[in-house]
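Structure, as structure tokens:
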Ligand code: ADP
Ligand code: MG
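Residue numbers (the numbering used here): 152 to 419.
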């Protein structure tokens with residue numbers, strides 16, 4: 152399959168006064184459609200810089216970023232803004248919700264840019280909030296919610312317009328470890344359900360257990376790029392999401408239970 156994200160000889164230099172900071176130095180990378188890719192590495196290594204170039208939030212100094220067939224590094228600001236609205240989603244560490252709007256109105260925003268009418272926007276937004284376990288919070292404002300709830304609103308907003316790719320920069324950075332696992336679980340579930348390509352920056356290496364691909368950045372370069380094998384991934388996720396999975400299981404076997412008891416009574 153052709154990669155959905157392709158990076159060639161990417162370089163980003165920031166100028167601070169007379170100083171130059173080489174944040175990315177000749178980065179090459181390819182991410183396949185539907186992959187969950189984690190970008191890990193120490194603080195200051197260039198993770199956010201890389202994500203910002205991938206998501207078209209900043210212009211590279213040199214090199215190219217392709218999303219599908221589009222070279223986003225040569226787009227004008229207007230073209231980029233339009234491309235982002237049509238094809239990309241974002242989840243921010245600081246949630247970035249508008250405080251004057253309800254959860255549903257916040258989630259509905261990306262649909263407004265797509266020209267969806269208000270009633271339908273709110274309906275779709277409420278549906279997305281339900282998937283995140285926030286059906287009852289649709290009319291609450293962000294200030295009336297916990298950090299974990301706000302971030303789930305942020306996730307619903309990123310997914311509502313079904314973008315091809317979603318970028319997230321340390322999306323659980325402000326959450327405690329229990330909430331982090333819940334938020335990660337929901338994000339992963341949504342990404343897999345929708346076939347979304349998902350690129351997430353994290354400095355907590357253990358969170359990369361959720362990834363299909365783990366890219367390690369060190370001093371502005373790709374230090375390693377590892378595809379996780381299915382078995383290791385499944386084991387890591389079973390461990391990480393143990394308590395969540397245990398809570399979700401009892402709802403499932405409804406259809407098999409009556410059959411078993413029917414069989415038993417037949418034998419007796
Ligand atoms: P990470 O996300 O891995 O912590 P960043 O990508 O934010 O790292 O930063 C990489 C390097 O680039 C750091 O040395 C940082 O100080 C520098 N840097 C990032 N953004 C800017 C900016 N807007 N202006 C100047 N230097 C920056
Ligand atoms: Mg960062």
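Don't be surprised by glycine CBs; every beta carbon is placed ideally from N, CA and C.
query                                                                                                                           : result
Span of the beta strand (DSSP E) around residue 352                                                                             : 348–352
Cβ contact (3+ pairs, closer than 8 Å) linking the segment 182–193 and the segment 342–360                                      : yes
Residues near residue 431 in its chain [Cβ-Cβ closer than 6 Å; skip 5 each side]                                                : The requested residue 431 does not occur in the structure, where the chain is confined to residues 152 to 419.
Element boundaries [beta strand (DSSP E), containing residue 319]                                                               : 316–320
Cut-off 7 Å between Cβ atoms - residues of its own chain near residue 244, not counting five sequence neighbours on either side : 320, 321, 322, 324, 325
Coarse secondary structure for residue 435, derived from DSSP in three states                                                   : The chain is shown only over 152 to 419; residue 435 falls outside these bounds and no answer can be derived.
Per-residue DSSP class, three states only, for residue 305                                                                      : helix
Residue 165, buried or exposed, once every other Cβ within 10 Å from all chains shown has been counted against 16               : exposed
Same chain only: Cβ atoms within 8 Å of residue 181, ignoring 5 sequence neighbours per side                                    : 154, 156, 157, 158
Span of the alpha helix (DSSP H) around residue 394                                                                             : 393–399
Simplified DSSP assignment, three categories, for residue 181                                                                   : strand
Residue range of the alpha helix (DSSP H) that includes residue 238                                                             : 228–238
Any non-hydrogen atom of ligand 2 closer than 8 Å to residue 328 Cβ                                                             : no
Unbroken alpha helix (DSSP H) run spanning residue 269, endpoints                                                               : 269–282
Pairwise C-alpha distance: residue 303 and residue 210                                                                          : 29 Å
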